[in-house]
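All you need for the working numbering is the position in the sequence shown, starting with 1, plus 160.
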Amino acid sequence: MTHRDDHLDDGGPALISRRTFVARTSSCAAHIGLMAAASPPLLRLGWLAQDRFPVAASAPWGNLLRVAEGVWALVSDPLADRTTLCNGGIIAGRAGVAVVESFSTPAGAEWMIEQARLLTGRPPTHLVVTHYHADHSAGLAGALGQDLDVVSSDTTLDLIRERVSAVPRGILDDAVVLSGRRPTELDLGDRSVILVHRRGHTASDLSVEVPDASVMFCGDLVWNAMFPNYVDATPSRLTQEVRVMRLLNAATYVPGHGPLADASAVDGYLTVLDSVETAARSAIERGLTADVAGAEYSLPAGFEDWTLFSPSYFARAIGAWMTELQG
Ligand SMILES: [Zn+2]
161 MTHRDDHLDD
171 GGPALISRRT
181 FVARTSSCAA
191 HIGLMAAASP
201 PLLRLGWLAQ
211 DRFPVAASAP
221 WGNLLRVAEG
231 VWALVSDPLA
241 DRTTLCNGGI
251 IAGRAGVAVV
261 ESFSTPAGAE
271 WMIEQARLLT
281 GRPPTHLVVT
291 HYHADHSAGL
301 AGALGQDLDV
311 VSSDTTLDLI
321 RERVSAVPRG
331 ILDDAVVLSG
341 RRPTELDLGD
351 RSVILVHRRG
361 HTASDLSVEV
371 PDASVMFCGD
381 LVWNAMFPNY
391 VDATPSRLTQ
401 EVRVMRLLNA
411 ATYVPGHGPL
421 ADASAVDGYL
431 TVLDSVETAA
441 RSAIERGLTA
451 DVAGAEYSLP
461 AGFEDWTLFS
471 PSYFARAIGA
481 WMTELQG
């Protein structure tokens with residue numbers, strides 16, 4: 161068996177299915193590249209096309225779906241191509257156009273900015289980054305030379321400065337900084353977009369909410385059909401924040417990764433989050449390490465087909481909960 165290099169930091173994460181993970185890990189020490197090769201195309205899983213959302217543009221890295229009048233969501237296919245890697249969007253108003261996320265590469269951000277121009281006939285005026293993780297922020301250089309405001313929270317901009325070396329410092333220094341905890345209105349003329357400070361996935365996660373269209377861009381607070389990354393999570397806060405977002409009962413939730421969600425899909429995601437907490441409490445009771453608990457963890461009934469970027473995500477999630485519970 162030929163093992164490909166399994167380092168995740170340069171090429172970004174691979175994607176595997178739980179079933180493939182279980183089948184492979186016994187014989188092959190979690191070599192991500194091999195597992196990605198064995199995963200089914202996401203198109204077949206129904207991620208990239210949903211009947212209720214017309215496809216406005218298609219690219220090797222994902223589909224741009226029209227979710228409401230003047231609102232589009234990019235559903236990335238991280239298995240096929242890593243140009244964008246995360247989901248994002250475009251929100252148009254009479255006086256402005258906002259792009260959500262700068263994606264994993266400048267080419268991804270440039271493509272999305274160009275789509276905004278093609279779909280609305282105008283260049284975007286704002287680019288909102290939900291949180292600092294590189295798959296959402298590393299493409300910021302693609303906004304250089306554009307006449308738009310990069311918008312994010314003070315904490316997120318500081319974390320990008322510290323940890324995402326691909327982002328030119330000038331673009332961060334020129335950004336519109338959201339400080340404090342109050343929601344901020346982005347006035348697009350005939351449409352208000354509300355940027356809400358939340359946290360739980362990282363120390364600072366913005367949700368980008370379009371109340372008139374009942375659409376919420378969730379950043380990585382919400383994942384759908386993919387197991388979430390707890391690398392920076394405050395688990396109890398994450399669950400609480402998602403419950404609050406669910407109570408808003410949006411017609412469409414755009415997750416950070418995976419297919420577009422409705423309220424019942426967010427309920428499903430909460431079932432998965434709760435199962436991680438249960439697994440962590442059980443691990444503490446039985447004196448298990450996070451690694452052992454992660455190896456024995458299985459997704460709740462009905463969610464077995466969820467995929468994950470890395471087999472380490474189960475142990476990482478349970479470990480994050482154990483750390484929090486054990487103080
Ligand atoms: Zn992400």
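Yeah, the Cβ is synthetic: ideal placement off N, Cα and C, and Gly gets one too.
Could you tell me whether the Cβ of residue i comes closer than 9 Å to any Cβ of chain B?
| i | result |
| --- | --- |
| Ala255 | Of the protein chains in this structure there is only one, and it is not chain B. |
Within 10 angstroms of the Cβ of residue i, are there 16 or more other Cβ atoms? Answer buried if so, exposed if not.
| i | result |
| --- | --- |
| Thr438 | exposed |
| Arg476 | buried |
| Phe181 | Any reading at Phe181 must be qualified, since the residue scores a pLDDT of 34, below 50, and its modelled position is unreliable; the value itself is stated next. By the 10 Å Cβ count, Phe181 comes out buried. |
| Pro220 | exposed |
| Ser218 | exposed |
| Asp350 | exposed |
| Arg242 | buried |
| Thr449 | exposed |
| Glu229 | exposed |
| Gly479 | buried |
| Ala198 | Because Ala198 carries a pLDDT of 43, less than 50, the predicted location of this residue cannot be relied on, and no value is offered for it. |
| His191 | Confidence in His191 is poor, its pLDDT being 33 and thus under 50, which makes the residue's placement too unreliable to answer from. |
| Ala410 | buried |
Any heavy atom of ligand 1 closer than 8 Å to the CB of residue i?
| i | result |
| --- | --- |
| Cys246 | yes |
| Asn384 | no |
| Gly360 | no |
| Asp365 | no |
| Asn389 | yes |
| Gly416 | yes |
| His286 | no |
| Asp392 | no |
As a quick exercise: from the options, pick the residue whose alpha carbon is nearest that of residue i.
| i | options | result |
| --- | --- | --- |
| Glu369 | Gly479, Cys378, Ala363, Phe474 | Cys378 |
| Ser435 | Ala410, Phe463, Pro419 | Phe463 |
| Val454 | Pro460, Ala461, Ala443 | The sequence as given places Gly at residue 454; Val does not occur at that position. Taking only the C-alpha atoms, the option nearest Gly454 is Ala443. |
| Ser352 | Gly256, Ala240, Gln210 | Gly256 |
| Ser367 | Leu300, Leu433, Glu261 | Glu261 |
| Ser323 | Asp392, Ala294, Ile250 | Checking the displayed sequence, the identity of residue 323 turns out to be Arg instead of Ser. The option with the nearest alpha carbon to Arg323 is Ala294. |
| Asp334 | Gln400, Ala303, Ala276 | Ala303 |
| Gly340 | Pro419, Ser424, Asp372, Asp365 | Asp365 |
| Ile251 | Ala240, Trp232, Thr265 | Trp232 |
Determine the contact status of residue i and residue j, defining contact as a CB-CB distance below 9 Å.
| i | j | result |
| --- | --- | --- |
| Leu308 | Thr280 | no |
| Asp238 | Phe469 | It is worth fixing the name first, because residue 238 is Pro in this sequence and not Asp. Yes, they are a contact pair. |
| Asn247 | His417 | yes |
| Leu300 | Ile331 | yes |
| Thr244 | Gly206 | no |
| Leu346 | Val375 | no |
| Val452 | Leu430 | no |
| Ala298 | Ala326 | yes |
| Val337 | Leu317 | yes |
| Ala385 | Thr290 | no |
Please indicate yes or no: does the CB of residue i lie closer than 8 Å to some heavy atom of ligand 3?
| i | result |
| --- | --- |
| Asp380 | Ligands in the displayed structure: ligand 1; ligand 3 is not one of them. |
*Go through the region 212-284 residue by residue and report every complete run of the beta strand (DSSP E) that reaches 3 residues or more, in order.*
Listed in chain order, the complete beta strand (DSSP E) runs (minimum 3 residues) inside the region 212-284 are 215-219, 222-228, 231-236, 248-252, 257-260.
*At which residue ranges does the region 347-433 contain complete alpha helix (DSSP H) runs of 4 or more residues, listed in the order of the chain?*
395-407
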